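**Student:**
In my numbering, the protein residues as written are 9 to 428.
1. DSSP on residue 261, reduced to helix/strand/coil?
2. Using only CA atoms, which one of 97, 415, 110, 89 lies nearest to residue 284?
3. Just tell me which of 324, 302, 333, 299 has its CA closest to the CA of residue 311.
4. Could you have a look at residue 139 and say whether DSSP puts it in helix, strand or coil?
5. For residue 341, which of helix, strand or coil comes out of DSSP?
6. Would you check if there are 3 or more beta carbon pairs closer than 8 Å linking the segment 336 to 354 to the segment 378 to 393?
7. Could you tell me which residues DSSP puts in a beta bridge with residue 296?
8. Do you know whose CA, among 276, 338, 141, lies nearest residue 295's CA?
9. For the pair the segment 122 to 134 and the segment 237 to 248, tell me if three or more CB-CB distances fall below 8 Å.
10. Could you tell me whether the Cβ of residue 156 comes closer than 8 Å to any Cβ of chain B?
11. So what's residue 415 in DSSP terms, helix, strand or just coil?
12. Return the CA-CA distance between residue 255 and residue 407, expressed in angstroms with no decimal places.
13. For the beta strand (DSSP E) that contains residue 358, what are its first and last residues?
14. What number of angstroms, rounded off, separates the C-alpha of residue 423 from the C-alpha of residue 76?
15. Considering only the alpha carbon of each residue, which of 202, 358, 329, 303 lies closest to residue 335?
16. State the DSSP-derived secondary structure class of residue 508, mapped to helix, strand or coil.
17. CA-CA distance, residue 70 and residue 158?
18. Output yes or no for whether 8 Å exceeds the beta carbon distance between residue 261 and residue 393.
19. Between the Cα of residue 331 and those of 306, 375, 62, 362, spot the shortest distance and give me the residue it belongs to.
20. What number of angstroms, rounded off, separates the C-alpha of residue 326 from the C-alpha of residue 418?
21. Are the CB atoms of residue 94 and residue 291 nearer to each other than 8 Å?
22. Candidates 387, 167, 203, 101: which alpha carbon is nearest residue 343's?
23. Quick one: using the 10 Å Cβ neighbour count with 16 as the cut-off for buried, is residue 413 buried or exposed?
24. Should residue 101 go down as buried or exposed, given a rule of 16 or more other Cβ atoms within 10 Å for buried?
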């Protein structure tokens, strides 16, 4: 059942950071599309769909909202990840970080940087967006009655901070994303950090953050659409934007990833009891520098939390690990914008203390580990890649009674990568 839940949530986990960061970036992508090698009729059909206004308004926000409902059953896993590694985290930067993209947008406007809209058109677009977002989020908070992880109240769904952050990030991207792709990358990175901090502060579930991101983007898209209907061609600047994916490139990257994992196997302890592991969650930072289009070196830092089953009963305790791996990365372009990847890494794994029935199963230990996996990366822009991955990890057993054995872990998930 745990394996079934992992694969059911594979696409949704990839959405968490990959799709929000791409929300305005792919919308500006040229019409070469994924199907560069497809028949002309099919290519034209794909280009027409991608270029349509309804598609560009909804192709990110709607999957995020739907994804939040799908991963609702996994909320406890990601909360346990927070509890294992950041139990005392309490920082309130997210109260201000949510407004940073809007502050940058206004600063650039005041400074005379030419953007998409005139002052009047921009203010109208943003006012519509804020009103729609506040109405939707406020109504859902009042009607869904979802209790926050910290139990402080029942207004958890969706995350208002995250909705505001992704709304302001979309505003900044729409107004000034033409200057550089890094404007949009920076805006959505700030919005993503806001959502992650809401979870780290124990104020929101993962599903709250996903839904907040989706509603924030959708509200802005609708707000700008309404303003466009009113202003038509008055007070708007249109900027040509094109990128060339036809030339060979070295796919160096750095990004944040999330995943769901399982650790198969059963272990008989010295006292005759049985220890097993159920499903869990992981988060990490991964990057690699490629010397050529196919070979590079890099590393992966990850934190994970996996549920424990002892003598057939699920436990409140969980196995927490911190891992650092480094080694070789490989990439093969299926088409210029779609890359097949793999890796061969080695490193160390630090396990947290696990205590069951007042007995210390094993203490904190550092053991050797290795990691491999396969991935599929779509280059939404020259500076942004969306990746789905399946990783396999093996580490030396931290159990004294099974020192000759090994622990295995399969993780599936996704990430958004800054490429360079």
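For each residue, glycine too, the CB sits at the ideal point set by N, CA and C.
Keep in mind the model is a prediction, meaning the values are calculated, not measured.
**Tutor:** On the basis of the coordinates in this document:
1. Taking the first residue of the chain shown as 1, we reach residue 261 at position 253. The answer is strand: DSSP assigns residue 261 an E or B state.
2. By one-based count along the chain shown, residue 284 stands at place 276. The residue with the shortest Cα to Cα distance from residue 284 is 415.
3. If you number the chain shown from 1, residue 311 lands on position 303. Ranking the options by Cα distance to residue 311, first place goes to 333.
4. As a position in the chain shown, residue 139 is number 131, starting the count at 1. The answer is helix: DSSP assigns residue 139 an H, G or I state.
5. Locating residue 341 in the chain shown gives position 333, where the first residue counts as 1. Three-state DSSP puts residue 341 in a strand.
6. yes
7. On the chain shown, residue 296 is found 288 positions in, with the first residue counted as 1. Answer is 261, 306, bridged to residue 296.
8. Numbered from 1 along the chain shown, position 287 holds the residue referred to as residue 295. Just measuring C-alpha positions, the residue of 276, 338, 141 sitting nearest residue 295 is 338.
9. yes
10. This model lacks chain B altogether; it includes just one protein chain.
11. Translated into positions along the chain shown, residue 415 becomes position 407. Strand, per DSSP.
12. For the purposes of this step, residue 255 is taken as the residue at position 247 of the chain shown. For the purposes of this step, residue 407 is taken as the residue at position 399 of the chain shown. Roughly 51 Å between the two C-alpha positions.
13. Here residue 358 refers to the residue found at position 350 when the chain shown is read from its first residue. Its beta strand (DSSP E) spans residues 346 to 359.
14. Position 415 of the chain shown, counted from the start, is the residue given in the question as residue 423. Position 68 of the chain shown, counted from the start, is the residue given in the question as residue 76. Taking the CA atoms as reference points, residue 423 sits about 16 Å from residue 76.
15. As a working note, residue 335 is residue 327 in the chain shown. The shortest C-alpha separation from residue 335 is found at 303.
16. A query on residue 508 cannot be resolved here, the shown segment of the chain reaching from 9 to 428 and no further.
17. If you number the chain shown from 1, residue 70 lands on position 62. If you number the chain shown from 1, residue 158 lands on position 150. Each residue's Cα considered, the two are about 28 Å apart.
18. Within the chain shown, residue 261 is the residue found at index 253, counting from 1. Within the chain shown, residue 393 is the residue found at index 385, counting from 1. Closer than 8 Å, so yes.
19. Position 323 of the chain shown, counting from 1, holds the residue named residue 331. The shortest C-alpha separation from residue 331 is found at 375.
20. In the chain shown, the residue the question calls residue 326 occupies position 318. In the chain shown, the residue the question calls residue 418 occupies position 410. Distance between the alpha carbons of residue 326 and residue 418: 17 Å.
21. Translated into positions along the chain shown, residue 94 becomes position 86. Translated into positions along the chain shown, residue 291 becomes position 283. No, the pair does not count as a contact, with Cβ atoms beyond the cut-off.
22. For the purposes of this step, residue 343 is identified with residue 335 of the chain shown, where counting begins at 1. Checking every option, the nearest Cα to that of residue 343 belongs to 387.
23. Working through the chain shown from its first residue, we reach residue 413 at position 405. By the neighbour-count rule (16 or more Cβ atoms within 10 Å), residue 413 is not buried but exposed.
24. Within the chain shown, numbered from 1, the residue matching residue 101 stands at position 93. Exposed, because fewer than 16 other Cβ atoms sit within 10 Å of the Cβ of residue 101.
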